[in-house]
Amino acid sequence: MTDVDVQARLAALREQYGRRLSDDLQTLMAQARELSARQSAIGLDALETLRQGLHRIAGSAGTFGYAALSRNAREMEVWLQTVIESAAQPTPPTLVVLHDRLQESYRDLELAQTSEVVEPEGSYHLASGDRGIRVAVLADGDTDTLIRALSGFGYECRSLDAQATFPQWQPDIAIVDTAKVADEVWKPAVEAAPKAALILLSGAGDFETRLKAVRNGAQGFFTHPVDVPSLEHRLRHLINLPQQDPYRVLIVDDDVDLAEHFRLTLKMAGIESRVISDPRDVLKGLRDFVPDLVLIDINMPGCSGPELARIIRFDDDWLKIPLIYLSAESDAQRQAKALAQAGDDFLVKPISDVALVAAVTARAQRSRQLSLALARDGLTGLIKHPAIKELIELEVARGQRTDTGACVVMIDIDRFKSINDTYGHGTGDYVIRLLANLLRQRLRRVDHVGRYGGEEFVAVLPSCSLENARDAIERIRVSFSELECVADDKTFHATFSAGVSCTQDWRDAETLLEAADRAMYAAKQGGRNQTRIAASRQ
Amino acid sequence: MNPLQRILHVEDDISIQEVAKVALEIVGGFEVESCDDGQSALARADQWQPDLILLDVMMPGIDGPTTLNKLREQSSTREIPVVFMTAKVQPSEIEHYRSIGALDVVIKPFDPMTLAAQLREIWERAHD
Numbered sequence: 299m300t301d302v303d304v305q306a307r308l309a310a311l312r313e314q315y316g317r318r319l320s321d322d323l324q325t326l327m328a329q330a331r332e333l334s335a336r337q338s339a340i341g342l343d344a345l346e347t348l349r350q351g352l353h354r355i356a357g358s359a360g361t362f363g364y365a366a367l368s369r370n371a372r373e374m375e376v377w378l379q380t381v382i383e384s385a386a387q388p389t390p391p392t393l394v395v396l397h398d399r400l401q402e403s404y405r406d407l408e409l410a411q412t413s414e415v416v417e418p419e420g421s422y423h424l425a426s427g428d429r430g431i432r433v434a435v436l437a438d439g440d441t442d443t444l445i446r447a448l449s450g451f452g453y454e455c456r457s458l459d460a461q462a463t464f465p466q467w468q469p470d471i472a473i474v475d476t477a478k479v480a481d482e483v484w485k486p487a488v489e490a491a492p493k494a495a496l497i498l499l500s501g502a503g504d505f506e507t508r509l510k511a512v513r514n515g516a517q518g519f520f521t522h523p524v525d526v527p528s529l530e531h532r533l534r535h536l537i538n539l540p541q542q543d544p545y546r547v548l549i550v551d552d553d554v555d556l557a558e559h560f561r562l563t564l565k566m567a568g569i570e571s572r573v574i575s576d577p578r579d580v581l582k583g584l585r586d587f588v589p590d591l592v593l594i595d596i597n598m599p600g601c602s603g604p605e606l607a608r609i610i611r612f613d614d615d616w617l618k619i620p621l622i623y624l625s626a627e628s629d630a631q632r633q634a635k636a637l638a639q640a641g642d643d644f645l646v647k648p649i650s651d652v653a654l655v656a657a658v659t660a661r662a663q664r665s666r667q668l669s670l671a672l673a674r675d676g677l678t679g680l681i682k683h684p685a686i687k688e689l690i691e692l693e694v695a696r697g698q699r700t701d702t703g704a705c706v707v708m709i710d711i712d713r714f715k716s717i718n719d720t721y722g723h724g725t726g727d728y729v730i731r732l733l734a735n736l737l738r739q740r741l742r743r744v745d746h747v748g749r750y751g752g753e754e755f756v757a758v759l760p761s762c763s764l765e766n767a768r769d770a771i772e773r774i775r776v777s778f779s780e781l782e783c784v785a786d787d788k789t790f791h792a793t794f795s796a797g798v799s800c801t802q803d804w805r806d807a808e809t810l811l812e813a814a815d816r817a818m819y820a821a822k823q824g825g826r827n828q829t830r831i832a833a834s835r836q
Numbered sequence: 075m076n077p078l079q080r081i082l083h084v085e086d087d088i089s090i091q092e093v094a095k096v097a098l099e100i101v102g103g104f105e106v107e108s109c110d111d112g113q114s115a116l117a118r119a120d121q122w123q124p125d126l127i128l129l130d131v132m133m134p135g136i137d138g139p140t141t142l143n144k145l146r147e148q149s150s151t152r153e154i155p156v157v158f159m160t161a162k163v164q165p166s167e168i169e170h171y172r173s174i175g176a177l178d179v180v181i182k183p184f185d186p187m188t189l190a191a192q193l194r195e196i197w198e199r200a201h202d
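Quick note, the sequences are listed as chains A and B, same order.
Each residue of the first sequence is one higher than the one before, starting from 299 at the first, in the numbering used here.
Each residue of the second sequence is one higher than the one before, starting from 75 at the first, in the numbering used here.
1. Do A:L407 and A:L367 come within 9 Å of each other at the CB atom, strictly closer than that value?
2. Between A:I831 and A:H746, which are expected to be in contact by the criterion C-beta below 8 Å, what is the C-beta distance as a whole number of angstroms?
3. Going by the CB atoms, is the gap between A:Q639 and A:P599 shorter than 9 Å?
4. For a contact defined as C-beta to C-beta under 8 Å, what are the partners of A:Y404 on chain B?
5. Measure from the C-beta of B:F184 to each C-beta in chain A and report whether the shortest distance is under 9 Å.
6. With 9 Å as the threshold, decide whether the Cβ of B:E92 is near any Cβ in chain A.
7. Going residue by residue through the stretch 786-811 of chain A, where are the continuous alpha helix (DSSP H) segments of at least 4 residues, counting only ones entirely within it?
8. Give a yes or no on whether the C-beta atoms belonging to A:V694 and A:A814 are separated by under 9 Å.
9. Hey, quick one: how far does the beta strand (DSSP E) through A:V435 stretch, first residue to last?
10. Report the option in A:A335, A:D806, A:L637, A:R532 whose CA atom is closest to the CA atom of A:E691.
11. When the Cα atoms are used, what is the spatial distance from A:F778 to A:N514?
12. Just how far apart, CA to CA, sit A:A657 and A:G641?
13. What does a CB cutoff of less than 6 Å around A:V526 pick up in its chain, not counting 5 residues either side in sequence?
14. Give the interface partners of A:G357 over in chain B, defined as CB-CB distance under 7 Å, in chain order.
15. How big is the Cα-Cα spacing for A:S571 and A:R664?
16. Under 8 Å: does the beta carbon of A:A734 sit that close to some heavy atom of the ligand SAM?
17. Anything in chain A within Cβ reach of B:M132, meaning under 9 Å, just list it in chain order.
18. Report buried or exposed for B:H83, applying the criterion of at least 16 other Cβ atoms within 10 angstroms of its Cβ.
19. Give me the chain B residues within the contact set of A:S368, using Cβ-Cβ distance strictly less than 7 Å, ordered along the chain.
20. Does DSSP classify A:H559 as helix, strand or coil?
21. Is A:Y623 helix, strand or coil by DSSP?
22. What are the boundary residues of the beta strand (DSSP E) that includes A:S575?
23. What residue does the beta strand (DSSP E) around A:T521 start on, and which one ends it?
24. Between B:L23 and A:P577, what straight-line distance do the alpha-carbon atoms span, to the nearest angstrom?
25. Going along chain A in order, which residues have a C-beta closer than 7 Å to the C-beta of B:D87?
26. Quick one: Cα of A:R546 to Cα of A:R666, how far?
27. Going by C-alpha distance, which of A:I569, A:F755, A:I717 is nearest A:N735?
28. State the start and end residues of the unbroken beta strand (DSSP E) segment that holds A:L593.
29. Please classify A:N370: is it buried, with 16 or more other beta-carbons within 10 angstroms of its beta-carbon, or exposed?
30. Determine, using beta carbons only, whether B:V157 comes closer than 9 Å to chain A.
31. Applying a beta-carbon distance threshold of less than 8 Å, which residues of chain A neighbour B:I154?
32. For B:M159, report the span of its alpha helix (DSSP H) as first-last.
33. Give the DSSP bridge partners of B:S108, in chain order.
34. So for A:L496, helix, strand or coil by DSSP?
35. Specify, as a first and last residue, the run of the beta strand (DSSP E) that A:K746 falls within.
36. Checking 9 Å against the spacing of the C-beta atoms, do A:Q379 and A:R349 come in under that value?
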């Protein structure tokens, strides 16, 4: 049996254990909760049962990779042991503390299980998931102009017949001209390819037509004659919307049971949340959990909801996160007063589960769209400088933890100034967008690409060796140099130079970037239109 | 010195039993049998004659130390070395287990990738 098989067996056991651990923790939580609510004296045998449960977890969790949970259980066990040995009668509040710690462990476990991602393969394959962006056009002939224009931006474009070829090709985006194709023809075809985002073209642009488009599930709507740059902009927007991670909500409420109910309700709807019962922990919660939205109970002992909202707003990092009060307050005037201090909205308790989920989803969605728009470069739709730097730091740290290296690539368009001078800035922008599209399409989905400066790009490729990174970038370099750029009636070719560095040679993000930058300059010095690898320090 | 081949693992936690089986059989190449409690371990050790018994300290029914005593009372199992496995980590406890006749103590949680090597080392040290 190979090492990989052993790892697979262990992974299967770990998964099985994880489920059991989850049950065990819930049982212990229920026991602690029951004891904390007890009016009469608590028997030693009940405490001993709890202690044994903790002991079991302390001894086993670490073997299955839950080291922190194991330590946590050990601490609780030792504490209970002292209580039992001293024969002191534990007070209900101390058991509440125990219950909360168990709950914390339980949430950490859930988080560990849900955030578990399949590590990308070490080699650099452009798997089927990493193919080009496929755009299907259903327009009953007369699609040449549109297809040529979009292909020029690097999309894989085809004019398709609704009945036969459309679903098989598995397009990412479907553009349907409703002026040319009847509803009963295109609708079944689009339904057969549910993963494709739908853009409708129409002869009319009135409100009723737009409303109909929305009801037909369109994510984009354009009238004839179609403005290709805005259409392309919309395509980019649709593609940038990532595989949605679940929304994340931080619940700040001292009523633990109610908060737990909210958490479970949101969980049923696929929304992740974390409960904070002490307002003092909110900043740590924000940092650790990075929510899309915060729900704050308006009446909490020690710190009111609006006070807490103002504390959160002190920090620029959290300015864009919606703060929603949860309150039994139905007095409109007092609501307005709270909102005037800080906070964005009110949800009135009691609130039905359906209403809670709807309210949270709508606001979290808006929040996420905003932060995406803020972090992305307007021209290329790529990640902006500060955000890509953060991502590089993250991937570098991850690369070092997992010792599958990550690579950083610096890319700079050759003689960009002369392109601008010869063909004008509009053409310069067009070349930048061309390269941005090519990078986005040719790199894997796990890679990140950012616009670093004017004509400079940076990419971080997790779990990728130096050689594989160089090969991937070389393929892109050749494709780019072969692309025909159009400026008015003239055509020309643009090229780029690239430098690659790897976490195996450099300690931190800063030196990695510098090394990739030096390699890129060496490529320029060496005659441009080439890729160089950063020599390691020794 | 005869090589370490057969290991009897006595552990009430089925998850630990399974992971230890992978760790010792597949990673370590040993022959492994598992028992859920001390009572069945006494019978199994008598029949199967393992080279070593890996014995969990805390088990319902008869615990690890009591099982060790009973193994020592049985003539067919008197000589079989026993290694305790425990989630307790106080040095004094480890000393205590050694003093009542354990060959050594393996600490929980263990790393499944190195458990076999750990036992082999204990085995070789005892036979030096």
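A virtual CB, placed ideally from N, CA and C, is assigned to each residue, including glycine.
Answer, in terms of the structure:
1. yes
2. A:I831 to A:H746, Cβ: 20 Å. No contact.
3. no
4. What A:Y404 touches in chain B: nothing, since even the nearest Cβ is about 17 Å away.
5. yes
6. yes
7. none
8. no
9. 432-436
10. A:D806
11. 37 Å
12. 15 Å
13. A447
14. A161, K182, P183
15. 17 Å
16. In terms of ligand content, the structure shown is empty, and the ligand SAM therefore cannot be addressed.
17. Q350, H353, R354, G357
18. buried
19. P183
20. helix
21. strand
22. No beta strand (DSSP E) contains A:S575, which DSSP labels as neither H nor E.
23. 518-521
24. In the structure displayed, chain B extends from 75 to 202; residue 23 of chain B sits before or after that span and is not available.
25. R354, S358
26. 10 Å
27. A:F755
28. 591-595
29. buried
30. no
31. In chain order: nothing, as chain A lies at least about 24 Å away.
32. Not the alpha helix (DSSP H): B:M159 falls in the beta strand (DSSP E), residues 156-160.
33. B:H83
34. strand
35. In the sequence on display, residue 746 of chain A carries His and not Lys. Its beta strand (DSSP E) spans residues 746-749.
36. yes
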